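Number of protein chains: 2
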Amino acid sequence: MRVGELSRRTGVPVPTIKYYVREGLLPPGELTSPNQASYTDTHERRLRLIRALLDVGGLKVAAIAEVLRAVDDPGRPVHKVLGAATERLGARHAEHDDQEAAEAGAAVGELIERRGWRTDKSSPAAADLARALAAMGRLGHGAFREVLDDYAEAAERVARADLGYVDRKVAVEDLVETTVIGTVLGEAVFNAMRRLAHVDASARLFGTRPEASD
Amino acid sequence: MRVGELSRRTGVPVPTIKYYVREGLLPPGELTSPNQASYTDTHERRLRLIRALLDVGGLKVAAIAEVLRAVDDPGRPVHKVLGAATERLGARHAEHDDQEAAEAGAAVGELIERRGWRTDKSSPAAADLARALAAMGRLGHGAFREVLDDYAEAAERVARADLGYVDRKVAVEDLVETTVIGTVLGEAVFNAMRRLAHVDASARLFGTRPEASD
Numbered sequence: 001m002r003v004g005e006l007s008r009r010t011g012v013p014v015p016t017i018k019y020y021v022r023e024g025l026l027p028p029g030e031l032t033s034p035n036q037a038s039y040t041d042t043h044e045r046r047l048r049l050i051r052a053l054l055d056v057g058g059l060k061v062a063a064i065a066e067v068l069r070a071v072d073d074p075g076r077p078v079h080k081v082l083g084a085a086t087e088r089l090g091a092r093h094a095e096h097d098d099q100e101a102a103e104a105g106a107a108v109g110e111l112i113e114r115r116g117w118r119t120d121k122s123s124p125a126a127a128d129l130a131r132a133l134a135a136m137g138r139l140g141h142g143a144f145r146e147v148l149d150d151y152a153e154a155a156e157r158v159a160r161a162d163l164g165y166v167d168r169k170v171a172v173e174d175l176v177e178t179t180v181i182g183t184v185l186g187e188a189v190f191n192a193m194r195r196l197a198h199v200d201a202s203a204r205l206f207g208t209r210p211e212a213s214d
Numbered sequence: 001m002r003v004g005e006l007s008r009r010t011g012v013p014v015p016t017i018k019y020y021v022r023e024g025l026l027p028p029g030e031l032t033s034p035n036q037a038s039y040t041d042t043h044e045r046r047l048r049l050i051r052a053l054l055d056v057g058g059l060k061v062a063a064i065a066e067v068l069r070a071v072d073d074p075g076r077p078v079h080k081v082l083g084a085a086t087e088r089l090g091a092r093h094a095e096h097d098d099q100e101a102a103e104a105g106a107a108v109g110e111l112i113e114r115r116g117w118r119t120d121k122s123s124p125a126a127a128d129l130a131r132a133l134a135a136m137g138r139l140g141h142g143a144f145r146e147v148l149d150d151y152a153e154a155a156e157r158v159a160r161a162d163l164g165y166v167d168r169k170v171a172v173e174d175l176v177e178t179t180v181i182g183t184v185l186g187e188a189v190f191n192a193m194r195r196l197a198h199v200d201a202s203a204r205l206f207g208t209r210p211e212a213s214d
């Protein structure tokens, strides 16, 4: 199909499509004449993935380029690609080197030990977790660590559901792409659900029905 | 304290502190002479909150300003402030008006009904959830809706833990600030945990230990 048709099907403007090609997010179409390129269903699918990561996942263009390179890198063992794809989603933050950082790091190590998680204590996700806990500690919410096991059980439940879905529904060749979609969009799904469940839980706790927002 | 001391205590550079004051995120210090201002512990605490929302929560300065206005707005019923604080965290995205959007919206309505959640079907969190599900549908993962109840149970568990923590640990005057911290940093905590649990679940499923990342 021509770029105009690709644009119509996906709702992405032609100049934006050309920008994604220049940035290496989308492979170029096959040239059918000096100034006309032909695009396939594979382009359409990749374009939808880019838009989902951008619009729903909130990833930046540079982060998407990195994730897509991991998706396209053949011959890497599944769990390594899984690691690479998800590690690259971790934000980079200002580093602190204080008591809260040390305590939070220790708490994360103990949690991983206690849950028997087969994961590296030095992984980027563990570092992200420690960073969030340290920030809470600095705000006077070190006691939040007491609910970590509730969070961990909920996270295990979600991870089982995710992997079960992948195992049942996904062809091997789509595994890595699905992991990226599941990690980024699944995060958006869970975060929205948590906010809904908060409204419900606080309505029950405070005995009120939420009124229409004003 | 002077601005230099505030900077030393929080690790935030003086020009950055002055920028936050100009942007209305941080109240100005009390002028003790024409070019010297005095800051209090309240300033220090607010500054730590700003940094946590920025560094760990990944919020933009404009979003933080909105959230802090909700925190500082007195006399609003708790659940309304809760609503306002969390609603403002929802991202604004490109809108679609297609079959996937309609199906996802219906699925969210049914989920809220089925779980008996006391929440508004037209709330921003419900819209965010529908948007994420619609994006998955467009990528061929409409079947992901089958695991929504697993996600919902995990979200309920996390929400109960959050509200339990607030109920046990938090003074009424800190309630709104804690809600903001819990929503933004709690999200970072859960997302990092989900990634850790994924590594563990896939190590179990594929029968491998994750190797050190290369």
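Residue numbers (UniProt numbering), protein chains in the order written: chain P, 1 to 214; chain B, 1 to 214.
Here a beta-carbon is modelled for each residue, glycine too, at the ideal position from N, C-alpha and C.
Predicted model only: the values in this text are computed from it and were never measured.
In the three-state DSSP reduction, E23(P) falls in the coil class, being neither helix nor strand. When the alpha-carbon of V166(B) is set against those of V166(P), A152(P) and F144(P), the nearest one is in F144(P). According to the DSSP assignment, L133(P) belongs to no beta strand (DSSP E) but to the alpha helix (DSSP H) extending over P124 to R138.
A65(P) has a beta carbon lying at 9 Å or more from every beta carbon in chain B. Here DSSP, grouped into helix, strand and coil, assigns A37(P) to strand. In the DSSP assignment, T10(P) falls within the unbroken alpha helix (DSSP H) covering V3 to T10.
Of all residues in the segment 111-122 of chain B, the ones placed with a Cβ closer than 9 Å to any Cβ belonging to chain P are L111, I112, R115, G116, W117, R118, T119, D120 and S122, in chain order.
Between A159(P) and V56(P), the beta carbon gap of about 20 Å keeps them out of contact (Cβ cut-off 8 Å). Judged by beta-carbon spacing, R168(B) lies beyond the 9 Å limit of A203(P), meaning their Cβ atoms are not closer than that value. With a cutoff of 9 Å on beta-carbon distance, L139(P) and L111(P) are scored as not near each other. When the five nearest sequence neighbours on each side are left out, the beta carbons in the same chain lying within less than 8 Å of the beta carbon of R9(B) are those of M1 and E44, in order along the chain. Neighbours of E153(B) in chain P, taken as residues at a C-beta separation under 7 Å, are given in chain order as R157.
The C-beta of I17(B) comes no closer than 9 Å to any C-beta of chain P.
Contact of Y165(P) with chain B by beta-carbon distance below 8 Å involves A143, F144, E146 and V147. Scanning V3(B), R195(B), A107(B) and A52(B) for the CA closest to the CA of N35(B) turns up V3(B). Taking C-alpha positions only, H198(P) is separated from L205(P) by approximately 10 Å.
Within 10 angstroms of the beta-carbon of S123(B) lie 16 or more other beta-carbons, which makes it buried.
Between G24(P) and S38(P), the C-beta spacing is not below 9 Å. Among the residues of the UniProt domain "HTH merR-type" (1-70) of chain P, those with a Cβ less than 8 Å away from any Cβ of chain B are G11, R45, R48, L49, R51, A52, D55, V56 and G58, in the order of the chain.
Cα atoms of L53(P) and T32(B): separation of roughly 50 Å, rounded to the nearest angstrom. With its beta carbon at least 9 Å from every one in chain B, A107(P) lies outside the interface. Chain-order list of chain B residues neighbouring L175(P): empty, with the shortest C-beta distance near 10 Å, by a criterion of under 7 Å. Close partners of D128(P) in chain B (Cβ separation under 8 Å): A188, N191, A192 and R195. Excluding five sequence positions before and after K60(P), none of the CB atoms of its chain fall closer than 6 Å to its own CB.
Comparing alpha-carbon positions, the option among A132(P), G11(P) and F190(P) lying closest to A152(B) turns out to be F190(P). L148(P) has no beta-bridge partner at all, per DSSP. Look at T32(P) here: in three-state DSSP terms it is strand.
Straight-line spacing of the CA atoms in A63(P) and G182(P) works out to 16 Å. Taking the CA atoms as reference points, G109(B) sits about 14 Å from A192(P). For A102(P), no Cβ of chain B is located within less than 9 Å of the residue's own Cβ. Around the C-beta of R22(B), fewer than 16 other C-beta atoms lie within 10 Å, and the residue is accordingly described as exposed.
It is roughly 10 Å from the alpha-carbon of L163(P) to the alpha-carbon of R157(P).
Judged by DSSP in its simplified three-state form, H141(P) adopts coil rather than helix or strand.
Straight-line measurement puts the Cα of V180(B) at about 8 Å from the Cα of V71(B).
Leaving aside the five residues that flank G137(B) on each side, the residues in its chain whose CB is nearer than 7 Å to its CB run, in chain order, E100, E103 and A104. In terms of beta-carbon proximity, D72(P) stays away from the interface with chain B, with every pair separated by 9 Å or more.
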